[in-house]
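Since the structure comes first, as structure tokens, the remarks are kept for the end.
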Amino acid sequence: MEPEPVPPPPSTLSLSYEQIHQMVTAEFAVEEGFIEYDAPTFYVKEQPDLKQAFMRLYKHFNSKQLIPVLRKRGNRIMLQVVSKPIAKPRSPLINIVLLLATIGTTLFTGYLLSGGATDPLPGAVMFSVALMSILGAHEMGHKLTANRHGVEATYPYFIPGLPPIGTFGAVIQQRSLAPNRDALFDLGFSGPVIGFLLAVAVSIIGIPMSSVTPVSELPLGLIQPPILLDFLASNLLKFPAVSVGEILLIELHPVAYAGYIGMIVTMLNLMPVGQLDGGHVAQVLLGDKARTVVSVVAMVSLLFIAWPMALIAYFLSRVRHPDALDAVSPVSRTRRYASIALIVVFVLSVAPVAPLFF
49 MEPEPVPPPP STLSLSYEQI HQMVTAEFAV EEGFIEYDAP TFYVKEQPDL
99 KQAFMRLYKH FNSKQLIPVL RKRGNRIMLQ VVSKPIAKPR SPLINIVLLL
149 ATIGTTLFTG YLLSGGATDP LPGAVMFSVA LMSILGAHEM GHKLTANRHG
199 VEATYPYFIP GLPPIGTFGA VIQQRSLAPN RDALFDLGFS GPVIGFLLAV
249 AVSIIGIPMS SVTPVSELPL GLIQPPILLD FLASNLLKFP AVSVGEILLI
299 ELHPVAYAGY IGMIVTMLNL MPVGQLDGGH VAQVLLGDKA RTVVSVVAMV
349 SLLFIAWPMA LIAYFLSRVR HPDALDAVSP VSRTRRYASI ALIVVFVLSV
399 APVAPLFF
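If you want it as structure tokens, here you go:
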């Protein structure tokens, strides 16, 4: 038999314990209810529609500025209710300034890449538009997915950089937790897939504008293309005949080079480490322990691909990855199947070596 509700101490919650208790019992079979650290806490029974029941409660509480949190405590399922943090409105000025600065640095980089042309300006503009479109699509994929799942997130912060890339990418700041593991998976899935598809489209446009030159020896710092980019180049370019001892060198057009960068960025983002997109997916599919093992393997692999990124990945791994509000319900079967697509995208984006980052 369920014990009587215990009167809570003075609280800043928008609803009384009795009101919260009533809303919880409308969705869950409550075994025990009490106050723990000023938070209404309930042990609830396992039920077939646990995920759906939590989402209904989440929507009810969200309108009351409250957040339910579902966790396993031992062998029992615990639900706690806490106040929703007040998100202070932020001016988009910083986003706009960084966007303009990154457009400037990518234009400068594109200008240098087009130095061999009679007029480098068109190449500079095309490189900037292509690369900014890939990065912007990636981050807006995250932003739109966050909006769809009711997760508060900022608009993209573009990060200006130096040649030969012109940018260190872009990020959005997630300001609230995902409601469940399905939403957390979608957040990690959407950006890389959308960015990858645009990188492929950009590559298909840029590769035919590239040139093929016979050379006697390969230059230092040669870019090794991702698997897919190499395949596209083999099928979209016309290769001239070569003499004995000559090698064909593909000089990527700035647009094709933007596609190359987009694929490398996708590959790095899909590493199952920390706050990277691959870290989101690994968290919901593998859990903490298995994700930690996979993260170590990924960081060791990065040492052979781009060692500076391995250092960044290490520091990201030091920050505990936040789980969803509902950390009990498993990710849906459809999303488990969709994770295969991410593996395919990762493999197609892998380059044997990425000297740009050394």
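Okay, so the sequence shown: first residue is 49 according to my numbering, each after it adds one. Note that the Cβ used here is the ideal one computed from N, Cα and C, for glycine as well. Here the structure is a predicted model, which means the values were calculated and not measured.
Among the residues of its own chain, which have a CB less than 7 angstroms from the CB of leucine 350, if the five just before and after it don't count?
Met319, Met357, Ala358 and Ala361
Which stretch, first to last residue, makes up the alpha helix (DSSP H) that contains isoleucine 207?
No alpha helix (DSSP H) contains isoleucine 207, which is instead part of the beta strand (DSSP E) from 205-208.
Would isoleucine 242 be called buried (16 or more neighbouring beta carbons within 10 Å of its own) or exposed?
buried
Quick one: which unbroken alpha helix (DSSP H) runs of 4-plus residues sit fully inside the stretch 132-202? Chain order, please.
141-161 and 168-196
Identified DSSP bridge partners for glycine 85
Looking at the sequence provided, one finds tyrosine at residue 85 rather than glycine. Tyrosine 85 pairs with nothing; no bridge assigned.
From the DSSP output, which residues share a beta bridge with tyrosine 91?
Glu80 and Met126
If you run the structure through DSSP and keep just helix, strand and coil, what is leucine 297?
strand
Using DSSP with H/G/I as helix, E/B as strand and the rest coil, what is alanine 402?
Low confidence applies here, because alanine 402 scores a pLDDT of 44, under 50, leaving its location unreliable; read the following figure in that light. The answer is coil: DSSP assigns alanine 402 none of H, G, I, E or B.
How many angstroms separate the CA atom of proline 240 from the CA atom of glycine 164?
33 angstroms
For serine 259, name the three-state secondary structure that DSSP assigns.
strand
Could you tell me the distance, in whole angstroms, from the CA atom of tyrosine 205 to the CA atom of methionine 188?
11 angstroms
Can you give me the start and stop residues for the beta strand (DSSP E) that valine 219 sits inside?
215-219
Tell me, please, whether the stretch 244-258 touches the stretch 301-320 by the rule of three or more beta-carbon pairs shorter than 8 angstroms.
yes
Is the distance from the Cβ of phenylalanine 233 to the Cβ of valine 329 below 8 angstroms?
yes
Can you tell me the Cβ-Cβ gap for isoleucine 312 and leucine 284, rounded? I've got them flagged as a contact below 8 angstroms.
That belief does not hold up - the Cβ atoms of isoleucine 312 and leucine 284 are roughly 19 angstroms apart, past 8 angstroms.
Classification of glutamine 113 by the beta-carbon crowding that lies within 10 angstroms, buried from 16 upward:
exposed
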